[in-house]
Structure formats: structure tokens, C-alpha cells
Amino acid sequence: MYSIDHTDHGTPVSTDPLQVTVHIDGVAVSVPQGTSVMRAAALAGERIPKLCATDSLKAFGSCRLCLVEIEGRKGYPASCTTEVADGMKIRTQSDKLAQLRKGVMELYVSDHPLDCDTCPANNHCELQDMAEVVGVKSTPYGATGATARPRPADTSNPYFKFDPDLCIVCSRCVRACDETQGTFALTIEGRGFESKVAASQNDSFLDSECVSCGACVEACPTAALTEKSLIALGSPTRSVTTTCAYCGVGCSLTAEVKDDTVVRMVPNRHGQANHGHACVKGRFAWGYATHADRIRSPMIRSRITDPWTQVSWDEALAYAASEFKRIQADHGRDAVGGITSSRCTNEETFLVQKLVRAAFGNNNVDTCARVCHSPTGFGLKSTLGESAGTQEFDSVMHADVILLIGANVTEGHPVFGSQMKRRLREGAKLIVVDPRAIDIVRTPHIEAECHLQLRPGTNVALVNALAHVVVTEGLARTNYIAERCEAASFAQWQAFVAEPRNSPEATEAITGVPADIVRRASRLYARAGNGAIYYGLGVTEHSQGTTMVMGIANLAMATGNLGRPGVGVNPLRGQNNVQGSCDMGSFPHEFSGYRHVGDDSVRGLFESMWGVHLQNEPGLRIPNMFEAALDGSFKGLYIQGEDIAQSDPNTQHVTAALAAMECIVIQDLFLNETAKYAHVFLPGSSFLEKDGTFTNAERRISRVRKVMEPLAGLADWEVTVALAQKLGFSMSYSHPSEIMDEIARLTPTFAGVSYDKLEHLGSIQWPCNDAAPEGTPTMHVDHFVRGKGRFYVTEYVPTDERVNARFPLILTTGRVLTQYNVGAQTRRTANVVWHPEDRLEIHPHDAEERGIRDADWVGVASRAGDTVLRAEVTTRVQPGVVYTTFHFPESGANVVTTDNSDWATNCPEYKVTAVQVVRVTQPANWQLRHREAAAQQLRIRRNPDATTS
Amino acid sequence: MNIDHLVKMANEIGSFFVTANDEDTAAQLIADHLKRFWDPRMRKQVVAHLSQGGAGFTPAVAKAIAKLG
Numbered sequence: 000m001y002s003i004d005h006t007d008h009g010t011p012v013s014t015d016p017l018q019v020t021v022h023i024d025g026v027a028v029s030v031p032q033g034t035s036v037m038r039a040a041a042l043a044g045e046r047i048p049k050l051c052a053t054d055s056l057k058a059f060g061s062c063r064l065c066l067v068e069i070e071g072r073k074g075y076p077a078s079c080t081t082e083v084a085d086g087m088k089i090r091t092q093s094d095k096l097a098q099l100r101k102g103v104m105e106l107y108v109s110d111h112p113l114d115c116d117t118c119p120a121n122n123h124c125e126l127q128d129m130a131e132v133v134g135v136k137s138t139p140y141g142a143t144g145a146t147a148r149p150r151p152a153d154t155s156n157p158y159f160k161f162d163p164d165l166c167i168v169c170s171r172c173v174r175a176c177d178e179t180q181g182t183f184a185l186t187i188e189g190r191g192f193e194s195k196v197a198a199s200q201n202d203s204f205l206d207s208e209c210v211s212c213g214a215c216v217e218a219c220p221t222a223a224l225t226e227k228s229l230i231a232l233g234s235p236t237r238s239v240t241t242t243c244a245y246c247g248v249g250c251s252l253t254a255e256v257k258d259d260t261v262v263r264m265v266p267n268r269h270g271q272a273n274h275g276h277a278c279v280k281g282r283f284a285w286g287y288a289t290h291a292d293r294i295r296s297p298m299i300r301s302r303i304t305d306p307w308t309q310v311s312w313d314e315a316l317a318y319a320a321s322e323f324k325r326i327q328a329d330h331g332r333d334a335v336g337g338i339t340s341s342r343c344t345n346e347e348t349f350l351v352q353k354l355v356r357a358a359f360g361n362n363n364v365d366t367c368a369r370v371c372h373s374p375t376g377f378g379l380k381s382t383l384g385e386s387a388g389t390q391e392f393d394s395v396m397h398a399d400v401i402l403l404i405g406a407n408v409t410e411g412h413p414v415f416g417s418q419m420k421r422r423l424r425e426g427a428k429l430i431v432v433d434p435r436a437i438d439i440v441r442t443p444h445i446e447a448e449c450h451l452q453l454r455p456g457t458n459v460a461l462v463n464a465l466a467h468v469v470v471t472e473g474l475a476r477t478n479y480i481a482e483r484c485e486a487a488s489f490a491q492w493q494a495f496v497a498e499p500r501n502s503p504e505a506t507e508a509i510t511g512v513p514a515d516i517v518r519r520a521s522r523l524y525a526r527a528g529n530g531a532i533y534y535g536l537g538v539t540e541h542s543q544g545t546t547m548v549m550g551i552a553n554l555a556m557a558t559g560n561l562g563r564p565g566v567g568v569n570p571l572r573g574q575n576n577v578q579g580s581c582d583m584g585s586f587p588h589e590f591s592g593y594r595h596v597g598d599d600s601v602r603g604l605f606e607s608m609w610g611v612h613l614q615n616e617p618g619l620r621i622p623n624m625f626e627a628a629l630d631g632s633f634k635g636l637y638i639q640g641e642d643i644a645q646s647d648p649n650t651q652h653v654t655a656a657l658a659a660m661e662c663i664v665i666q667d668l669f670l671n672e673t674a675k676y677a678h679v680f681l682p683g684s685s686f687l688e689k690d691g692t693f694t695n696a697e698r699r700i701s702r703v704r705k706v707m708e709p710l711a712g713l714a715d716w717e718v719t720v721a722l723a724q725k726l727g728f729s730m731s732y733s734h735p736s737e738i739m740d741e742i743a744r745l746t747p748t749f750a751g752v753s754y755d756k757l758e759h760l761g762s763i764q765w766p767c768n769d770a771a772p773e774g775t776p777t778m779h780v781d782h783f784v785r786g787k788g789r790f791y792v793t794e795y796v797p798t799d800e801r802v803n804a805r806f807p808l809i810l811t812t813g814r815v816l817t818q819y820n821v822g823a824q825t826r827r828t829a830n831v832v833w834h835p836e837d838r839l840e841i842h843p844h845d846a847e848e849r850g851i852r853d854a855d856w857v858g859v860a861s862r863a864g865d866t867v868l869r870a871e872v873t874t875r876v877q878p879g880v881v882y883t884t885f886h887f888p889e890s891g892a893n894v895v896t897t898d899n900s901d902w903a904t905n906c907p908e909y910k911v912t913a914v915q916v917v918r919v920t921q922p923a924n925w926q927l928r929h930r931e932a933a934a935q936q937l938r939i940r941r942n943p944d945a946t947t948s
Numbered sequence: 000m001n002i003d004h005l006v007k008m009a010n011e012i013g014s015f016f017v018t019a020n021d022e023d024t025a026a027q028l029i030a031d032h033l034k035r036f037w038d039p040r041m042r043k044q045v046v047a048h049l050s051q052g053g054a055g056f057t058p059a060v061a062k063a064i065a066k067l068g
């Protein structure tokens, strides 16, 4: 069932610029060439009855309900599969058409229960609506269909139910799985009355290949596929369009609500990032917002071993402010700082960095982008001039060759992954650079031309080899380079990559990728026509993360693949507002819009607007904060919406630093791992409880709209305002729109952004200003933002993290589709059905050498620490490489990862840790301590009077 | 802060700049990077470490840190 506020036009929109005019029941209507008769009629206000058609899917022409008469044509063509032609005269109503439609509908109804009053789709069922339209209330054939012999419903999926008795076999679910999601998990099995939707090889939905994106549920015209929440709660009565709080795709979603309860979440078909698609997280995994674990009252304690005491907002904020002031008085102004959240809105992030700079009076502010995409900002700013991706997502539909580097796009960014797969099914070629055989390497109707399965940590050697082929085989776009890039930097880079030591043959020993595959991949990308690079954390989370980003930009410039649709350098951002948190000035060295704090004119602008003196020196980055805490010069931290004790590397180092501080203030939905070290807990608000904006990976600013009141009474932005007041710095806003107005006044790339404009345009891609009043889908069109593009020499420098006899395997980390980041949200949903624990992937060869079988407990030890996980023996990883995720705190994935980091940004080297793996029978010591700490936290929370002794 | 970590971080910055530049130019670029991105207390520590002999610094990094002092 599609959204309650959706008006369906039957078939997809045509983008053909040529208009044709047709006459529908005597009314002239002009539509783009290629439009179906059904859609043209809908646009003219005439609703032709239909069942198998919906405007998110290609016309199918199976239900035969949408027949029309066309002057000069024989018979009764289906309006969904018939395209308009100029001058066409169409009749949608006649006695004969009525007779035909009634006959068809009577057949449908003969195999469908008529107990509509008790059906969850009642009043939103297309079969019910169409039966009424064509005048069918019963069937002359009697209840002789398959429904006379009821079949069991499939309730295996935690979020939706499949009732075959309600299925009319229209194939919309099958087509949604194919066309929209690209998984091809569904089919119609059987003939006649026995026809039914089947998942995979007649498996249950849960056991099948279904990825639970829900596209089938939305496409279903009856209640055959229905959300369980809809069945439980009944029909929604209102809807609110907002933006997903999960990954960096930033899907536009419609929350359908009854009273103040969300009944279901439906992707917005007008959403410019997702075009009506969503994934298992965005569509279904929102129950965490009202989970029993939510903390709804502020709490304080003087020591981290004390029980929490529930207090009023006023008391908690006053205590936090007094502690920060005391620390600054005792240890200096620079002894405190803050961390902004990529899960909070732009407005909230802006306020936290403003609080740090203006109320604390220092620049000790950082954000979780430090540990994911900080090298992207540095690398792209240095080479191209702006710290952001160059394209919009829709650009991929113009790509001829897609070079996907270090990004598991179908798991990490599933909705964009589906769009990429759609383009690949249309014929674009795919090159995958990844140590693992990720799904997109070979998936239904898609197979990568080249899979460069490199050794973790050798990205830069590989990108240099790709560039070597471009330069030495005459594949560089010399005219483009001469016109748009710095000649001297190109000459230096060209000479460097042309050196024989950078050839695929020479680097094969480093990367492990056969030279001929590298040469083939390079030629394919360079000769693509439109070559597009997409990359993820497999690029950035390395000791040479920034160097690799520069290498990617070099490659794109050298091949002329920047500045138009279909090409570009596209970082796939991990969290929903990573781009936004960076844009908002969350880094310690720069204000919003990526302007350095040492720039007197920029700083003067902020000083004048905020009425305070601001520091002109960079502050501490997150890893520096830990170091400073351990040496005693950093004592207080305000953390909004981040769980650094779980997400940051070398857990023991992080927790030792946290334990050394005197005041940690956590603002979060849940008592997370970091909260174990906190002195003040300020309840956070979920994305459903506030207004604001998120900025996705394509620089698209989208509105977050309040669906329900904050459970703890205040939205996050209101908490920061109140804390600033207690610190003696006045912030005065009555609505987040006023914060955005301030951002626009202070930030040239946001100068044209306002809530009114967002309402009007739906979303805006920055830069948005006088030069681009409606935003900028493609950057660097005529010239690079920095002027001439700058090439950088990217020497491969091996990481210090080396394998040896003691640690012979390389551990690399990542994520899975159903869980998100530290799992705080998704672990509190039914998504745990698919991924109940983090596992260690290990190749059969390495497993056999160690006597490890599937599901065995294995110890993973590195130079930093050790933990215990269950093994998953799989060929997805190559020999010598193991892999795990970090969604569950008890897994301790980051107990093992090290302090190594990117040279330019200190982004941790999560992707390369030398480890040993052995079969074990008991948890690691760290895990035993963690279990005790977790139990203690639970005791403290459940019994505020409990002591810790 | 742990001086060994600071020395390692400074040398990693140095390793990027020395590959494409002569030592003097690299030293200037390293110094610029440290000024732009390192908190003053970190810079003070490496300057102090250099004044005590600068054990562990590569030549270009040592030259860069001398420019900070």
C-alpha cells in the first residue's frame, strides 16, 4: 500500500523534452513523448481503473482493467502499455469498456475474500477501490477460487506479513523487487489458482534472499503484503515528510501517524535522493525512537562509580555549566571541549560548535567525521577546492563505467546501491576495488568487469598503478588538463606515476592484484566516456587515507572525468549528516563553510555576529583530546550524539582517557558505552522529535520535520541553547529555521538556503547562493572551485601496521545492511533477527590451518588488545585477511584496532590491523570486564539507590 | 601528550611532503601543516622536544619544527 498522501499516476514519468498533445474524453492534454495513455489521462484528471500499474514501476499490462478505446485503432488496448502519439483521441469510458472491466474484476474478486471491513488495508485497498469504480460487489462465480482453501500466511519477516489469500497475482511485488531494489528475490510460482508469490526457492521471506527493503509491501495493491505495524495499530490519519536518520543517502520518508504514534514509514516518491525507495533500516527500523531504553530524564553524578540521580533539566544544565566553569578556572580555558554529532541536525551541530568556540572560548571541537571521512575533506579541498563530493546521485544514471573503491554500496548505502545496480543493468560497466568479494561483484544480472581484490593497506600503490597506465598509454585527456589544471603540478605528477616502480607489474607484489587486471581496469575507466568514481571508508580509514583521496582526484582530473553529469569523485558518507556536520564548522581548525580559524576576516565576521572574541589557533582533534586527557591538560567534554567509547579505535586507550576526565556530559538517546564514564546525562531527541535539516553525501540539504514531541521535553538544539545560557553565553532562537538563517548569513555556500526555499524546492544541494540560487547538482562545471585543479604526488608509504609471525593476518572492519554504526539504534529493533552478533569472517584456508569451524569462538589478538568472536568461514575474504563489524559493544572490535591514523587528519586506520586468530573456549578478559561494567550500569539505572560496591 | 606519538605523527606528515619537494620546501610545507592543524600545546611540545635534541624526528621534520619555535 503506498503512502496515504500519494496520488498515483499509473506509470513512470517520461523525461522526453518533446511534448505531444492528445485528447482524452474530449479534453486536450500535452505531455512528454513516451508518456503512457494511463498517465496522460491521470494528468488530465481522468483516473482509468488499474491494478497491476503503479507509477514507480514499468508498465506491465497484465490486469486488463485499464483498457481504453483509441480512435482509428482496433480493439481495446491497455492504457498502461500504450504510449501517447500526437493527435491521439482516447476514450476512457464507454458501455463496452465498462462491461469488459466488470468482467475482469469479477474474476479477480472470485479469488479474493470479501471481508473488507476487517482487512488492514480497508479504505486504502486498490482492489476495493477499483471494484467500487467498476461496480462489482460480488462475483457470479462463487467462492470457488484458491481462497476457498485457505493457505497459511508467511509471518517470518519481523516487519511484514504475506497472506497469499489476499494476493491477486498482479506481480507488482515481483517487479518492485526486480526494478526498484534489484534483488530479484521474488517470483510467481504455479499456474491458475495455484499461482502465488514465492521468495527465492519457495523459502520463507526471512530465509530467502529478500533484503527486507519493503518495496514489495509498498507496491502491493491489497493487504497481501502488509506492514505488521499497520495491522497492529490501524490506519494512519496524518503524514509528515521528513529525512531518514541512518546512512548518508538521506532518503526522504513520509512518517504516517495515528495520534502521536508512528504507524509506518513510507519512502517519498518525490524524494530527490531516493525517488521513492528505502531500505530495511529507513523503512522499518524506527522503533528505537520509543524503545524502553530511552532515557527521559536528565541525570547527574559526581563520580563515574556513583549511581545516577535523576534531576530537572535546570539542575542538570546548571551542574554541567558549573563543572565546565570550575575546570576552566582550575586548568585553563583550553581544558574543555565538545564533540558534535553526525546523527544530529545541521542546526544542532552548528550550535554545539558555536558553544565551544563562543561559550568555552576555545576551538576544541571535533566530530565523528574525524574517524570516517576527514581525509575526504582534506584531499578534495587540496586538489579540487571543495571538501565535498562532486555529483548528485542521479548522475550515476549517466555513467558508462563505475569505479567503486572501498565501498560496500549495497550494504552501507543500500538505496543508492539499488540505483547503481539499475544503471549497471542498463549496461554500464563496473570495476570493484575491494579486499572482499562484496555482493555487487556478482549479483543477479550484474557482474563486475574487474574485481581488484587488493591487500588491505595498499590502496595508494594501486591508484598509482592505475594512473601509470593512463599516463604511459596515452590515455590522459591532455586538452582537459591543459585547460583546467595546474601545468606544473601535472607535469610533476605525470613524471612520478610514469616511473616503472609505479607500474602494475611492479606494484603487483605490493597489492596482490595481477597486473593485467589493473591495466584492463585502468583502460576501461579512462576510455569510458563517462567514468565515475564512488568510494567509501575503505579509502579513507588508512594511514594514507588523504593520499588516496588525492590519488583518486588525480585520476579523475587526468582522465577528464570531472565537471559534468555521469562522472565525478563521489565519497559515500557513512552517517546521515556527516557532510552536514563537517559543513557546519565541526572541525577544530575551521568555521562553517571550511574556512580556517586563522583567517582574520572570516573570524571577524563570526566575532561580530556572536559578540565575542574567538581564538585564532586550531583546537584539539578527538584523538588529541584523548592524549591531552591522559596528560592532564584536558578535563571536560560535552558530547552530543556520539559513542566514542565504542566507535573509536583502541578502546582501552579511549576509556582510560575518558576515565581521567573530571566532567563528561553526554547528550544521547541511550546510556551508551561512553555514558559509563559520564557525569551528566542529558536525554537526546530522535529525528522524529525535532525540526531541522540533514545534508547527505551529495550535498543535499533536506528538511527533518517533527513528527512527535520530544520524549524528554526538549529537542537537542534547545538543550544546547539552554547549556550555553547557563555558561553565560546567550543564544536566542525560537525555531531551528532561525539557526539556519544565521548559518546562511555566516556561510557563503549556504547564503541562499532558507526553510522557505527548502519548502518550495524540496531540497537544495549546496553551494546555494546568488550564483546558484537553486543549488548546485554538479560541481566544478566550468572550472574547479580552487581555480586550476592541483595534482599531488602520491608516494605509496606502507603502514607501520605490519604482519609478522605473531600477528600474521590483516583484520579489516566494515558494516552490514541491517545494522548501523555502533548499533545503538538498530540493535533496539527487530533488525537483530538478521545480524544478532558481530562475527569474524575468515577464509577456509586460514580457518583450516587453525582448526576453526564455522560458528566456533575465536580469539582475535592484535598489538592493541584482544577479543573473542564467533567465526564465519567464508571465501568472501581472501586468505590472509579477516573481517568483522563493530555494531555490538560486547564484540570489542575496536579493542583490537590501533592508534595508527591518517597522516593529515588523524582518521584512524580501522582497515588494517595485524592480528592472530585462534580457537578459544572462553571470552577475552576485556569482555568479562565489559560484561560486569554493563551489568553495573544496568543495576544503577534500574535502581537509582543501588550502590556500586 | 605522549611525545613518541607526536614524533610519529609529525614524521608521517613529513613523509608526505618530502616525496615531492626538496628538504627546505618540504620543511616549510610541514611547518605550515602543523600551524594550520595542530593545537598549540602539541606544537609547543614538539618544539620543546627539538630543543632537547629532537630524538626521532626526520631531518625535514626537525627543520620544520625549528621554524615553529
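Residue numbers (numbering that gives the first Met the number 0), protein chains in the order written: chain B, 0 to 948; chain H, 0 to 68. All C-beta atoms, glycine included, are put in the ideal place defined by N, C-alpha and C.
Would you decide whether residue i is buried or exposed? Buried here means 16 or more other CB atoms lie within 10 Å of its CB.
i	result
H/Pro-58	exposed
B/Pro-570	buried
B/Gln-418	buried
B/Thr-10	buried
B/His-844	exposed
B/Tyr-287	buried
B/Arg-930	exposed
B/Asp-944	With a pLDDT of only 48 at B/Asp-944, under the threshold of 50, the placement of this residue in the model should not be trusted; the figure read from the coordinates follows. Exposed, because fewer than 16 other Cβ atoms sit within 10 Å of the Cβ of B/Asp-944.
B/Pro-772	exposed
In terms of residues, what are the limits of the alpha helix (DSSP H) holding residue i?
i	result
B/Gln-877	Segment: none, B/Gln-877 is in no alpha helix (DSSP H) and carries neither H nor E.
B/Pro-313	The sequence given here has Asp at residue 313 of chain B, not Pro. First-last of the alpha helix (DSSP H) with B/Asp-313: 312 to 330.
B/Thr-545	544 to 557
B/Met-87	Premise fails: B/Met-87 is in no alpha helix (DSSP H) and is neither H nor E.
What residues from chain H crowd round residue i, counting only those whose CB sits closer than 7 Å?
i	result
B/Asn-768	What B/Asn-768 touches in chain H: nothing, since even the nearest Cβ is about 26 Å away.
B/Leu-619	Asp-38
Starting from residue i, trace the beta strand (DSSP E) both ways and give me its first and last residue.
i	result
B/Gly-189	From DSSP, B/Gly-189 is part of no beta strand (DSSP E); its letter is neither H nor E.
B/Lys-257	251 to 257
B/Ser-373	Where B/Ser-373 is concerned, there is no enclosing beta strand (DSSP E), although the alpha helix (DSSP H) it sits in stretches over 373 to 382.
B/Phe-693	691 to 694
B/Trp-856	856 to 861
Could you work out which residues of chain H lie near residue i, taking near to mean beta carbons separated by less than 8 Å?
i	result
B/Ala-949	Within the shown structure, residues of chain B are numbered from 0 to 948, placing residue 949 of chain B beyond reach of any answer.
B/Glu-616	Asp-38, Pro-39
Give me the chain B residues within the contact set of residue i, using Cβ-Cβ distance strictly less than 8 Å, ordered along the chain.
i	result
H/Ala-19	Gln-491, Phe-495, Tyr-791, Val-792, Glu-794
H/His-4	Glu-626, Asp-898
Quick one: list the residues of chain B neighbouring residue i, beta-carbon separation under 9 Å, in chain order.
i	result
H/Ser-14	Glu-794, Val-796, Trp-902
Under 9 Å between beta-carbons, which chain H residues line up against residue i? List them in chain order, please.
i	result
B/Ala-627	Met-0, Asp-38, Arg-40, Met-41
Mind listing, in chain order, the continuous alpha helix (DSSP H) runs of no fewer than 4 residues lying wholly within the segment 564 to 628 of chain B?
577 to 582, 599 to 609
Does the segment 241 to 253 of chain B come close enough to the segment 170 to 183 of chain B that 3 or more CB-CB pairs lie under 8 Å? no
Within 8 Å, do at least three Cβ pairs link the segment 271 to 288 of chain B to the segment 203 to 221 of chain B? yes
Decide if the segment 323 to 343 of chain B is in contact with the segment 589 to 596 of chain B; the criterion is three or more beta carbon pairs, one per stretch, under 8 Å apart.
no
**Message:** Check whether the segment 767 to 774 of chain B and the segment 709 to 722 of chain B are in contact - that is, three or more C-beta pairs closer than 8 Å.
**Reply:** No: the two stretches stay apart, fewer than three of their Cβ pairs being nearer than 8 Å.
Item checked: Three or more C-beta pairs below 8 Å linking the segment 903 to 910 of chain B and the segment 615 to 628 of chain B -> yes
What ranges does the alpha helix (DSSP H) occupy inside the segment 120 to 177 of chain B, keeping only unbroken runs of at least 4 residues that lie completely in it?
Within the segment 120 to 177 of chain B, the runs of alpha helix (DSSP H) that reach at least 4 residues and sit entirely inside it are, in chain order, 125 to 133, 171 to 174.
Item to complete: At 4 residues or longer, and completely inside the segment 481 to 538 of chain B: list those alpha helix (DSSP H) runs for me, N to C.
Response: Within the segment 481 to 538 of chain B, the complete alpha helix (DSSP H) runs of at least 4 residues are 486 to 497, 503 to 510, 514 to 525.
**Report entry** Meets three-Cβ-pair contact criterion under 8 Å: the segment 556 to 575 of chain B and the segment 388 to 401 of chain B
**Finding:** yes
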